[in-house]
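Please read the structure below before turning to the comments.
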Amino acid sequence: QVQLQESGPGLVKPSGTLSLTCAVSGGSISSNNWWNWVRQPPGKGLEWIGQIYHSGSTNYNPSLKSRVTMSVDKSKNQFSLNLSSVTAADTAVYYCARAFGGSGHGDLDYWGQGTLVTVSS
Amino acid sequence: DIVMTQTPLSSPVTLGQPASISCRSSQSLVHSDGNTYLSWLQQRPGQPPRLLIYKISNRFSGVPDRFSGSGAGTDFTLKISRVEAEDVGVYYCTQGTQFPHTFGQGTKLEIK
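Listed in order, the protein sequences are those of chains A and B.
Mapping of the first sequence onto the numbering used here: position 84 corresponds to residue 86, and the numbering continues sequentially without gaps.
Mapping of the second sequence onto the numbering used here: position 103 corresponds to residue 107, and the numbering continues sequentially without gaps.
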């Protein structure tokens, strides 16, 4: 069974860059699936940030596109998220998730446990 | 972006009774490949979301058969035939037909 685990700093200063990594186990990141980031502000709903394929192809949410960069490290079977110029509005639990299939439109079938990132000085 | 609207936003239910959640999309979710990428997620308190139903009506691995999904085009429904205590949480519909993926506001299921 595929398992995902997020890691990264829990506290980021305003105007800084949020950097998270998602380690994939139980399956290969080079499989025919897309790897996603989703966030959830405390007490609120879910927001899709974007996704990456093992080839490096990406799809980003236009609302965040100017600040988001995703990358894949096939040697470590993991993928990463960078979100620049953060503000308090970026405080959220960040989840990584797999979208099944090669189109990117697939269902988010496996999720990590999530990691809380707080933006504060 | 496709807007996903769920009703109700809160649903108090008696144990053993059925529950139903509706989800309406602002555009058809039928993709050009013929699939409808509408799924339902369950988020128990303090837990990450979990996939329950995918492509309208398919139960994901390990999901009890008391959960069922139906619908087409822009109108979809999640039904729980007999609510159990472990079903408490927030339920989200989500679409992946068009980028960006979007989610409904969530429906909080609670026991009366």
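Here a beta-carbon is modelled for each residue, glycine too, at the ideal position from N, C-alpha and C.
Exercise for the section: Give a yes or no on whether 8 Å exceeds the smallest Cβ distance from residue 61 of chain A to chain B. Expected result: yes
Handout entry: C-beta atoms of residue 117 of chain A and residue 10 of chain A nearer than 8 Å
Key = yes
Practice task
Starting from the Cα of residue 19 of chain A, find the closest Cα among A:114, A:113 and A:83 and give me that residue.
Solution key: A:83
Handout entry: residue 22 of chain A: contacting residues in chain B (beta-carbon distance under 8 Å)
Key = Neighbours of residue 22 of chain A on chain B: none; closest Cβ ~14 Å, over 8 Å.
Exercise for the section: Measuring only between beta-carbons, confirm whether residue 43 of chain B sits less than 8 Å from chain A. Expected result: yes
Practice task
Please list the residues of the stretch 100-120 of chain A that have a C-beta atom closer than 9 Å to any C-beta atom in chain B, keeping them in chain order.
Solution key: 101, 102, 105, 106, 107, 108, 109, 110, 111, 112, 113, 114, 115 and 116
Practice task
Decide yes or no for the touch test of the stretch 88-102 of chain B against the stretch 106-113 of chain A: beta carbon pairs closer than 8 Å, at least 3 of them.
Solution key: yes
Exercise for the section: Between the Cα of residue 70 of chain A and those of A:8, A:104, A:21 and A:12, spot the shortest distance and give me the residue it belongs to. Expected result: A:21
Handout entry: Any C-beta of chain B under 8 Å from that of residue 1 of chain A
Key = The requested residue 1 of chain A is not part of the displayed model; chain A covers only 3 to 123.
Handout entry: Proximity test, Cβ basis, 8 Å: residue 16 of chain A and chain B
Key = no
Practice task
Determine the direct distance from the alpha carbon of residue 32 of chain B to that of residue 24 of chain A, and round the result to whole angstroms.
Solution key: 33 Å
Practice task
With DSSP collapsed to three states, give me the class of residue 70 of chain B.
Solution key: coil
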